[in-house]
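Q:
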Amino acid sequence: MYEAHFGLAELPFSITPDTSFFFGSPHSQEGLNTLLVAARSGEGFIKITGEVGTGKTLLCRKFMATLGEEFHTAYVPNPYLEPRALMMALADELEIALPRDVDQHQLVKSLTFRLLELAARGKHVVLCLDEAQALPLESLEALRLLTNLETEKRKLLQIVLFGQPELNAHLASPKIRQLAQRITFHYHLGALRRDDLDYYLAHRLRVAGFTGARLFSAAAVRRLYRATGGIPRLVNIVAHKALMLAYGEGRHLVEKRHVALAAGDTIGTRPARKMRWAWLASAAALAAAGGITLALTR
1 MYEAHFGLAE
11 LPFSITPDTS
21 FFFGSPHSQE
31 GLNTLLVAAR
41 SGEGFIKITG
51 EVGTGKTLLC
61 RKFMATLGEE
71 FHTAYVPNPY
81 LEPRALMMAL
91 ADELEIALPR
101 DVDQHQLVKS
111 LTFRLLELAA
121 RGKHVVLCLD
131 EAQALPLESL
141 EALRLLTNLE
151 TEKRKLLQIV
161 LFGQPELNAH
171 LASPKIRQLA
181 QRITFHYHLG
191 ALRRDDLDYY
201 LAHRLRVAGF
211 TGARLFSAAA
221 VRRLYRATGG
231 IPRLVNIVAH
241 KALMLAYGEG
251 RHLVEKRHVA
261 LAAGDTIGTR
271 PARKMRWAWL
281 ASAAALAAAG
291 GITLALTR
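Residues in the sequence shown are numbered from 1 upward in steps of one, following full-length UniProt numbering.
Pasting the structure below:
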């Protein structure tokens, strides 16, 4: 795409949660520290909430990658599962070989045996559930019952819930009040602050191989923050489109107008104007083939 044009080794603003691009902003670093302290305490449930696009999945993966060898992590990315299916997913993550028609008693027994086995080897088991606001109440209650399993020293299973703010309303249900009382650590992941955005862009560009002075003008960064409110996913989407526009013109600096036009094509932003992107592929092809510079209408 535009990597060679800007001196990049890879795309800097992919929305795939790659831990090598993790940026330790005050919010994300505090969230990571909260998770690490909570995991080492070994007690209860942990809850991380945040609006759509604030980086919960990336934080989850960074957390799991940061834990030491004394931890065994399990990850369920889509927990919209009834209790039995959720426990089967946990069994898969714990590498328990079970027939699909295993009865409930044997399923729980196998999970208990495996958790005891890991505890005997000095392993702390941490289950991370992404998009936890989608968990049915019955499945949340099943998880609570699983966390009743313990030795004389500690719990056999610790659970981290990552979810949108709707998770809080979910947990307020009287049906699962016992679970809510077991949440010992909680953190709400906010958006990037304005002062963080320059560093965020520079960090991702550096990881992607950029060695130049800057790729986004100061005005472009200001417009990017106004358009996205500092939501990392929106920042990535708009920044990627703005780079495509600058590349289509043969420019080596992203300007404010590139960001404004990119924001206008992105749902969830506060755009200055709207544009159509049908011409973008052909513009990029022309620029790559003949270095033709296209002028954007204003």
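Virtual Cβ for every residue (Gly too), placed ideally from N, Cα, C.
Below 7 Å, is the gap between the Cβ of C60 and the nearest heavy atom of the ligand NAP?
A: This structure does not include the ligand NAP; it has no bound ligands of any sort.
Q: With contact counted as at least three CB pairs below 8 Å, one residue from each stretch, are the segment 30 to 37 and the segment 1 to 8 in contact?
A: No, the segment 30 to 37 is not in contact with the segment 1 to 8.
Q: By the DSSP assignment, the beta strand (DSSP E) with G50 in it spans what residues?
A: Here residue 50 is taken as the residue at index 50 of the sequence shown, counted from 1. G50 -> beta strand (DSSP E) spans F45 to G50.
Q: Measuring CA to CA, which of E95, H240, C128 and L129 is closest to F113?
A: As a working note, residue 113 is residue 113 in the sequence shown. The shortest C-alpha separation from F113 is found at E95.
Q: Could you pull out every residue in the same chain whose Cβ sits closer than 6 Å to the Cβ of D196, ignoring the five residues on either side in sequence?
A: Within the sequence shown, numbered from 1, the residue matching residue 196 stands at position 196. If we look at D196 and ignore the five residues flanking it on each side, its Cβ neighbours are S25.
Q: To the nearest angstrom, report how far apart R177 and E166 are at their CA atoms.
A: Position 177 of the sequence shown holds residue 177. Position 166 of the sequence shown holds residue 166. Each residue's Cα considered, the two are about 16 Å apart.
Q: With 16 other CB atoms within 10 Å as the buried threshold, where does residue 357 fall?
A: Only positions 1 to 298 of the chain appear in this structure, which leaves residue 357 out of reach.
Q: Which term fits V37, buried or exposed, when burial requires 16 or more other beta carbons within 10 angstroms of its beta carbon?
A: Position 37 of the sequence shown, counted from the first residue, corresponds to residue 37. With fewer than 16 Cβ atoms within 10 Å of its Cβ, V37 is classed as exposed.
Q: So the beta strand (DSSP E) G163 belongs to, where does it begin and stop?
A: Your numbering for residue 163 matches position 163 in the sequence shown. Taken as a continuous stretch (DSSP letters only), the beta strand (DSSP E) holding G163 covers L157 to G163.
Q: Determine the DSSP secondary structure at H252, reduced to helix, strand or coil.
A: The residue you call residue 252 lines up with position 252 of the sequence shown. In this structure, H252 counts as coil in the three-state DSSP scheme.
Q: Taking 7 Å as the limit between beta carbons, can you name the residues of its chain near D198, skipping five residues before and five after?
A: On the sequence shown, position 198 is the one that residue 198 refers to. Excluding sequence neighbours, D198 sits near V221.
Q: Should R233 go down as buried or exposed, given a rule of 16 or more other Cβ atoms within 10 Å for buried?
A: On the sequence shown, residue 233 is found 233 positions in, with the first residue counted as 1. With 16 or more other Cβ atoms within 10 Å, it is buried.
Q: Check whether the segment 150 to 158 touches the segment 108 to 127, taking contact to mean three or more Cβ pairs, one atom from each stretch, closer than 8 Å.
A: Yes: the two stretches touch, three or more of their Cβ pairs being nearer than 8 Å.
Q: Suppose only complete runs of 4+ residues qualify. What are the alpha helix (DSSP H) ranges in the UniProt domain "ORC1/DEAH AAA+ ATPase" (40 to 168), listed by chain order?
A: Whole alpha helix (DSSP H) segments, 4+ residues: 56 to 66, 83 to 93, 104 to 120 and 137 to 146.
Q: Output the distance between the C-alpha atoms of T54 and G264, rounded to the nearest integer angstrom.
A: Start at 1 with the first residue of the sequence shown, and residue 54 comes out as number 54. Start at 1 with the first residue of the sequence shown, and residue 264 comes out as number 264. Whole-angstrom Cα-Cα distance: 20 Å.
Q: Taking the alpha helix (DSSP H) that L201 belongs to, which residues open and close that run?
A: The sequence position of residue 201 within the sequence shown is 201, counting from 1. R194 to V207 is the extent of the alpha helix (DSSP H) around L201.
Q: Could you give the first and the last residue of the continuous beta strand (DSSP E) run that contains L189?
A: By one-based count along the sequence shown, residue 189 stands at place 189. Residues I183 to L189.
Q: Considering only residues of the same chain and omitting the five flanking positions on each side of K256, which have a CB-CB separation below 6 Å?
A: As a working note, residue 256 is residue 256 in the sequence shown. Around K256: A219, A220 and R223.
Q: Report the residue from E249, V238, G209 and G50 whose alpha carbon sits nearest the alpha carbon of F21.
A: Here the question's residue 21 lines up with position 21 in the sequence shown. Ranking the options by Cα distance to F21, first place goes to G209.
Q: At the level of alpha carbons, what is the spacing between L179 and R144?
A: Walking along the sequence shown from the start, residue 179 turns up at place 179. Walking along the sequence shown from the start, residue 144 turns up at place 144. Cα-Cα distance, rounded: 6 Å.
Q: How big is the Cα-Cα spacing for residue 322 and V238?
A: Missing from the structure shown is residue 322; the chain here goes from 1 to 298 and no further.
Q: Using alpha carbons as the reference points, say which of P83, G42 and A65 lies closest to D103.
A: Walking along the sequence shown from the start, residue 103 turns up at place 103. Considering only alpha carbons, the answer is P83.
Q: Is L1 buried or exposed, if buried means 16 or more other CB atoms sit within 10 Å of its CB?
A: On the sequence shown, residue 1 is found 1 positions in, with the first residue counted as 1. According to the sequence as given, residue 1 is Met; it is not Leu. Its Cβ having fewer than 16 others within 10 Å, M1 is exposed.
Q: Using beta-carbon positions only, say whether F63 and H203 come within less than 8 Å of one another.
A: One-based indexing of the sequence shown puts residue 63 at position 63. One-based indexing of the sequence shown puts residue 203 at position 203. The answer is no: Cβ separation not under 8 Å.
Q: Could you tell me the alpha carbon to alpha carbon distance between L261 and Q181, rounded to whole angstroms?
A: Here residue 261 corresponds to residue number 261 of the sequence shown, with the count starting at 1. Here residue 181 corresponds to residue number 181 of the sequence shown, with the count starting at 1. Distance between the alpha carbons of L261 and Q181 is about 48 Å.
Q: Spatial neighbours of A191 within its chain, please: CB distance less than 7 Å, with the 5 preceding and 5 following residues excluded, ordered by chain position.
A: Stepping through the sequence shown from its first residue, residue 191 is reached at position 191. Cβ neighbours of A191 beyond the five flanking positions: T54, G229, G230 and I231.
Q: At what residues does the alpha helix (DSSP H) containing T6 begin and finish?
A: The residue given as residue 6 occupies position 6 in the sequence shown. The displayed chain sequence assigns Phe, not Thr, to residue 6. Per DSSP, F6 belongs to the alpha helix (DSSP H) from E3 to F6.
Q: My assumption, with CB atoms under 8 Å, is that A39 sits in contact with L67. Please give the rounded CB distance.
A: Here residue 39 refers to the residue found at position 39 of the sequence shown. Here residue 67 refers to the residue found at position 67 of the sequence shown. At roughly 6 Å, the Cβ-Cβ gap stays under 8 Å, so A39 and L67 are in contact.
Q: With distance defined between alpha-carbon atoms, name the residue in R270, L243 and R61 nearest to L11.
A: Residue 11 sits at position 11 when you count from the first residue of the sequence shown. L11 has its Cα closest to that of L243, out of R270, L243 and R61.
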